[in-house]
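Engineer: Residue 408 in the working numbering sits at position 408 of the sequence shown; the count goes up by one each step and never skips.
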Amino acid sequence: MSSRDNDLFDDAARARDAGIPQNRADSAHCRQGSAQSRPDTQRNRPDTQQSRPDTQRNRAGSAKSHPGTSRSRPGSARSRQDAQQNRAEGAKSSPGTQRDRRLYVGWHPQRWPEFMREPVELRDPVLELPSGPRALIRVLLRRNLKAIVLCSAVLAMSYISMALVPWAIGILLDSGLHHGLTAAFVPPAFLFVGTVLLAAFGGLAETPQTALWLRGTWDPVRLLMRKVFMRRTTTSQEMPSGDLVAVVTSDSDKMGALLEWIPELVSSLAAFAVVAVLMLRVSLPLGLFVIIGMPMLLYGISRIIKPLQERIATQREEQGKLTALASDAIVGLRVLRGVGGEDRYNEVYVKQSRAVQEAGIRAARPRALLDAIQTAGPALFTAIVVGGGLWMTYLGSMTPGELVAFYGYTAFLSMPISSISQMIQITSRAWVAAKKFSRVFKGEPLVGDGERQTSDDERQVNEESRTGSGSQAGEEPQ
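#1: Please list, in chain order, all residues of the same chain as A329 whose beta carbon is under 7 Å from its beta carbon, the five residues on each side excluded.
#2: DSSP state of W107, grouped into three classes?
#3: For the stretch 386-438, list the alpha helix (DSSP H) runs that are entirely contained and at least 4 residues long, ordered along the chain.
#4: Can you name, in chain order, every residue of its own chain whose Cβ lies under 6 Å from the Cβ of V139, other than the five neighbours on each side?
#5: Does the stretch 270-290 come close enough to the stretch 425-440 to have 3 or more Cβ pairs within less than 8 Å?
#6: Between G401 and I171, how many whole angstroms is the CB-CB distance? I'm expecting something under 8 Å.
#7: Comparing C-alpha positions only, which one of L265, F381, Q352, K442 sits nearest to S421?
#8: Please state whether DSSP places T48 in a helix, a strand or coil.
#9: Helix, strand or coil: which one does DSSP assign to L212?
#10: Quick check on this structure: which residue in F192, W167, L308, I137 has the alpha carbon closest to the alpha carbon of R215?
#11: Quick one: grab the DSSP three-state call for T182.
#12: Does DSSP put K306 in a helix, in a strand, or in coil?
#13: I291 and Q481 - do their beta-carbons sit closer together than 9 Å?
#14: Would the stretch 390-399 and the stretch 144-160 be scored as touching if the rule is three or more Cβ pairs under 8 Å?
#15: Suppose the cutoff is 7 Å on Cβ atoms and the five residues either side in sequence are ignored; what does the same chain contact list for L204 look like?
#16: Evaluate W112 with the Cβ neighbour count: other Cβ atoms within 10 Å of its Cβ, from every protein chain shown; 16 or more gives buried, anything less gives exposed.
#17: Considering Cα atoms alone, identify which of A372, S353, C151 is closest to T323.
#18: Sorted by chain position, which residues of the same chain lie with C-beta nearer than 6 Å to P166's C-beta, five sequence neighbours on each side aside?
#19: So what does DSSP say about S250, is it helix, strand or coil?
#20: Hey, would you say the C-beta of I305 is under 8 Å away from at least one heavy atom of the ligand COA?
#21: How is the alpha helix (DSSP H) around P113 delimited, first residue to last?
#22: Since V262 and I417 are thought to touch, with beta carbons under 8 Å apart, how far apart are those beta carbons, to the nearest angstrom?
#23: Which same chain residues end up closer than 8 Å to A313 when comparing Cβ atoms and leaving out the 5 residues on each side of it in sequence?
#24: Can you tell me the Cα-Cα spacing of R365 and D343, whole angstroms?
Here it is, written out as structure tokens:
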């Protein structure tokens, strides 16, 4: 055994005799061992200090052997400056790129059509807002006139082609009955295929129609945001916050639907005129019946629109009050619970909910009558026209192909009637929405911009200074 092991046994024996635990004795002995090992580490430190100059010499040598590395840093700084300068020049040449933070999900063309882009004139801070509902609708129509004309032309071509499909079927049927499957059957067949292809061409109008709906929805909202967020106005005092939320979320969609359905109305009227001409060429009595009966039906629909519009406006007002009541409760929920007003709030909310329900029921009656006329009117016309056509075919004044074409005309006329009646409903809703938008636009700012006040104050100070200087100048000669 070594002397160190003997020392360990002696220390353990002394600790055992003194009653010291074994682990403490071991820790004490370890401390002595670490103290004895410290001189060895101190002896090794001069060696490391001697090795440091060598490493420094090596670094200097590497720097001498690679002189280009020290020069590359200024070059990288210059390249960074050049890159920043190029970016600044690119930003100046194309100022729209700095604001372009949109995330593109899929492929898109490099240049969208004008009616599918965000209107730049709405960013003007001094933009004059429409003063009334008619002015607002006029502004929307003027800004989207090109898109409306394009979409109306495409839809009119499609609707007229669909109106010509029964005419082509009638010619094809008469040709087959008279000549059979001969060469005379080929031109009517090509005519039928051409009308079907032109009718399918109307699917291209879906994109401009969607763009019209988006423009009609968001252009009034942008104008409203410009009015509300620029400066606090009297609108917050005159209208509850729930009405403002309803204007942005619900009424804006009605304005978009108005622009979307204008091409539908134009194309429906064009198709109705074409069908009327074709029916008059085949049978004058039936054609006059349809041409005169349709406007009478539309007149009856228009008589229902006025009370429907008033009741829809009442329903919107009650719905706005209910939304404002709910938003106020959310804002002051802690205060409401603190004062113990939950029961009272529930009573008021239930009462307002019943008012909204009753207003909706009152508005549903003329709406149901309008839907009934919209459904029963074309069916009644179809029954009368088909019955008269059968009698004329029996007498020999009408061919079987013309009878089938007449039935197709009456079936097609349900589309224009439906579109016109739908447009009447959409117009009434859009008129109510435009009134709400114009009510927000008419709000006056609660705080002025201060330009007029400062100019008046400065004028008063200048006048006082002039009078004071004049009096002093008059006293000096004396």
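All C-beta atoms, glycine included, are put in the ideal place defined by N, C-alpha and C.
Since this is a predicted model, take the numbers as computed values, not measurements.
Structural biologist: Quick answer:
#1: As a first step, residue 329 is located in the sequence shown; it is residue number 329 there, counting from the start. L336, Y345, listed in sequence order.
#2: As a position in the sequence shown, residue 107 is number 107, starting the count at 1. Reduced to three states, the DSSP call for W107 is coil.
#3: Inside the stretch 386-438, DSSP marks whole alpha helix (DSSP H) runs of 4 or more residues at positions 400-412, from first to last along the chain.
#4: The count along the sequence shown starts at 1 and reaches residue 139 at position 139. Result list for V139: P130, in chain order.
#5: Taking a contact to require three or more Cβ pairs closer than 8 Å, the stretch 270-290 and the stretch 425-440 do not qualify as touching.
#6: Here residue 401 refers to the residue found at position 401 of the sequence shown. Here residue 171 refers to the residue found at position 171 of the sequence shown. Indeed they touch by this definition, with Cβ atoms about 6 Å apart.
#7: For the purposes of this step, residue 421 is identified with residue 421 of the sequence shown, where counting begins at 1. When each option's Cα is compared against that of S421, the closest is L265.
#8: Locating residue 48 in the sequence shown gives position 48, counting from the first residue. In this prediction, T48 has a pLDDT of 45, which is less than 50 and means its spatial position is unreliable; nothing more can be read from the coordinates.
#9: Along the sequence shown, one-based indexing puts residue 212 at 212. Helix at L212.
#10: Walking along the sequence shown from the start, residue 215 turns up at place 215. Minimum Cα distance to R215 is reached at I137.
#11: In the sequence shown, residue 182 corresponds to position 182, counting from 1. T182: coil per DSSP, three-state reduction.
#12: Taking the sequence shown and counting its residues from 1, the one referred to as residue 306 is at position 306. Note: K306 maps to helix in three-state DSSP.
#13: Coverage of the chain is limited to positions 1 through 478, which leaves residue 481 absent and any answer about it impossible.
#14: no
#15: Position 204 of the sequence shown, counted from the start, is the residue given in the question as residue 204. Answer for L204: V154, listed in chain order.
#16: Here residue 112 refers to the residue found at position 112 of the sequence shown. Result: exposed.
#17: Along the sequence shown, one-based indexing puts residue 323 at 323. Distance check between T323 and each of A372, S353, C151 places S353 closest, using alpha-carbon atoms only.
#18: Against the sequence shown, residue 166 aligns to sequence position 166. So the list reads A405, G408, Y409, once near-sequence residues are dropped.
#19: By 1-based counting over the sequence shown, the position of residue 250 is 250. Helix at S250.
#20: Absent from the structure shown: the ligand COA. Ligands present: none.
#21: Numbered from its first residue, the sequence shown carries residue 113 at position 113. Here P113 belongs to no alpha helix (DSSP H), and DSSP marks it neither H nor E.
#22: As a working note, residue 262 is residue 262 in the sequence shown. As a working note, residue 417 is residue 417 in the sequence shown. Note that residue 262 is Ile in the sequence shown, not Val. Incorrect: roughly 17 Å between the Cβ atoms, too far for contact.
#23: Mapped onto the sequence shown, residue 313 falls at position 313. For A313, where only same-chain residues beyond five positions count, the Cβ hits under 8 Å are V432, K435.
#24: The count along the sequence shown starts at 1 and reaches residue 365 at position 365. The count along the sequence shown starts at 1 and reaches residue 343 at position 343. Rounded to whole angstroms, R365 to D343 spans 34 Å at the Cα level.
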